[in-house]
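**Student:** Numbered by the working numbering, the letters in the sequence shown go through residues 16 to 121 in order.
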Amino acid sequence: MINRGSTTCSATGFAGVDIKDADNTSNPIERGHAQPRITTLKPGDAAVFDLAYDIDNTGDSLASPTNILVTPPNETHTVTLKWPAGAGDIKGAYTDVEVYPTHTTN
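(1) Measuring alpha carbon to alpha carbon, tell me which residue in Gln50, Asn42 and Gly31 is nearest Thr11.
(2) Taking the Cβ atom as the reference point for each residue, do Tyr115 and Ile34 lie within a distance shorter than 7 angstroms?
(3) Under the rule that 16 or more other beta-carbon atoms within 10 Å means buried, what is Pro58, buried or exposed?
(4) Tell me which same chain residues have a C-beta within less than 6 angstroms of the C-beta of Pro51, skipping the five on either side of it?
(5) Around the C-beta of Leu96, are 16 or more other C-beta atoms found within 10 angstroms, so that it is buried, or is it exposed?
(6) To which residues of the same chain is Ser25 closer than 8 angstroms at the C-beta, ignoring the five residues directly before and after it?
(7) Let's test the definition: count the other Cβ atoms within 10 Å of the Cβ of Pro80 and tell me whether it reaches 16, buried, or not, exposed.
(8) Residue range of the beta strand (DSSP E) that Leu77 falls in?
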């Protein structure tokens with residue numbers, strides 16, 4: 016999320032995240048155990064969030080994500096992004112993935 020305005024703004028909270036699989040089903044991702052903090056964004060600054068999961072290098076992963084659906088904090092519109100190449104297969108199930116609060120890249 017980038018502040019494209021001309022004034023400083025702030026965001027706080029968790030992004031809503033669903034992971035879509037090759038069979039077109041989506042699974043909501045649970046929040047991690049971290050407290051959100053206010054993220055202050057100057058014009059041009061970006062807010063990001065982290066996903067935490069173990070990588071399965073065996074080739075036997077039960078989870079094969081194709082897309083990630085993201086709803087920024089305090090918003091209702093969702094953006095669909097391709098699962099990043101090189102992000103690895105998820106070890107276990109989508110219930111083993113956690114999303115963490117927004118923060119700046121600085």
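Cβ atoms here follow ideal geometry from the backbone N, Cα and C, with glycine treated the same way.
**Tutor:** In short, the structure shows the following:
(1) In this structure the chain extends from 16 to 121, so residue 11 is not present and cannot be described.
(2) no
(3) exposed
(4) Thr27, Gly28 and Pro116
(5) exposed
(6) Ile53, Thr54, Thr55 and Leu56
(7) buried
(8) Where Leu77 is concerned, there is no enclosing beta strand (DSSP E), given that its DSSP letter is neither H nor E.
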